[in-house]
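S.K.: The numbers in the sequence shown follow the numbering used here, run straight up by one, and end at 571. Quick reminder that beta carbons are idealized off the backbone N, C-alpha and C, glycines included. I have a structure I would like to understand better, so I am pasting it below and will then ask my questions one at a time.
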Amino acid sequence: MATHRTGARRATPRAGSAVVSAAVSAAALFALAGCGLPGLGGGSAEPAPKVSPEASFTAKAPVPSGKPLGPGAKVPDPPDADFQDPTSVATAWAVTAHSHDTAYDTSPHDAVLRAARYATEKLAAAEREYRPAAGAGGQWLVWAEHKAWTQVKTSLETDGDAPTDTATTAWRQLAVTGKARGRDGWSGPGPRLHAFVQLVRDGAGKPWRVSKVNVVEAATVPSPQPTASPDRSE
């Protein structure tokens, strides 16, 4: 099963760290060249050319935002969560973050941004700054081909190994399943995943907010293959 994350779950390198890494790598190459290692310019009287690490690094562009949801959008309005109940907040986040409409959204991240209303300020800021390491994925492309939207439902899962809630921290595990329906009449599988949600609050009576999410995509159940007719030849 593939694993990805929201906020803390999608570990995407920051531009700054990549530049530093590039600079260290370039410096190491020049040091080795000075030692005369084969293929690195040893014995050459000409000075090694200066390389700017910034010149070889292209920062990832921000995720392009989709269009604001209009009257024709098929996704439900974000639920009214009870911020005194961590289960209610976690469920509202999961429903909103996985309700997509490809006629408006350009990637799954648009729905995650809509779910930021249930998150801490730190997590919401991280989602706004998120840079993807890859495209939206093959499943999204199929949905987009049919201008499909997704409909999801959630169920609370119990795990004996989950930490016990405290006055300021809670954990919820949710199963998310759904369908995708196209504007051309097509229908197909929607999101199928398990979300492990951490919630925090500043103290008793304060609102719960989602602070971290780890998502594990559920394996797609293969379609049954037709059974070959038995060979009745003599």
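Give me the residue from K411, G407, G403 with the minimum Cα distance to R520.
M.R.: Selected option, being the one with the closest Cα: K411.
S.K.: Among A499, P500, A434, which has the Cα closest to the Cα of Y455?
M.R.: Here the closest residue by C-alpha is A434.
S.K.: Can you find at least 3 beta carbon pairs, one from the stretch 426-443 and one from the stretch 528-545, that sit closer than 8 Å?
M.R.: These segments touch.
S.K.: Three-state secondary structure (DSSP) at D417?
M.R.: Residue state, collapsed to three classes: coil.
S.K.: In its own chain, which residues sit with a C-beta less than 8 Å from the C-beta of A453, not counting the 5 before and 5 after it?
M.R.: Counting only Cβ-Cβ distances below 8 Å, and skipping sequence neighbours, we find L460, A461, E464, R465.
S.K.: What does DSSP give as the partner residues of G515 in its beta bridges?
M.R.: G515 pairs with V489.
S.K.: Which residues mark the beginning and the end of the alpha helix (DSSP H) in which P526 is found?
M.R.: Counting along the chain, P526 falls outside any alpha helix (DSSP H), though it belongs to the beta strand (DSSP E) covering 524-537.
S.K.: Leaving out the 5 sequence neighbours to the left and right, which residues in its chain are closer than 7 Å to A499 when beta-carbon positions are compared?
M.R.: W508, Q510, listed in sequence order.
S.K.: Which of helix, strand or coil does DSSP assign to E466?
M.R.: In the structure shown, E466 sits in coil (DSSP, three-state: anything other than H, G, I, E or B).
S.K.: Going by other Cβ atoms of all chains shown within 10 Å of its Cβ, with 16 needed for buried, is D417 buried or exposed?
M.R.: D417 comes out exposed.
S.K.: Compare the C-alpha of A470 against each of A485, H446, G540, L530 and name the closest.
M.R.: Of the listed residues, the one whose Cα sits closest to A470 is H446.
S.K.: By DSSP, does A507 sit in helix, in strand, or in coil?
M.R.: Three-state DSSP puts A507 in a strand.
S.K.: Between R336 and P415, how many whole angstroms is the CB-CB distance? I'm expecting something under 8 Å.
M.R.: There is no way to answer for residue 336, as the model of the chain reaches only from 338 to 571.
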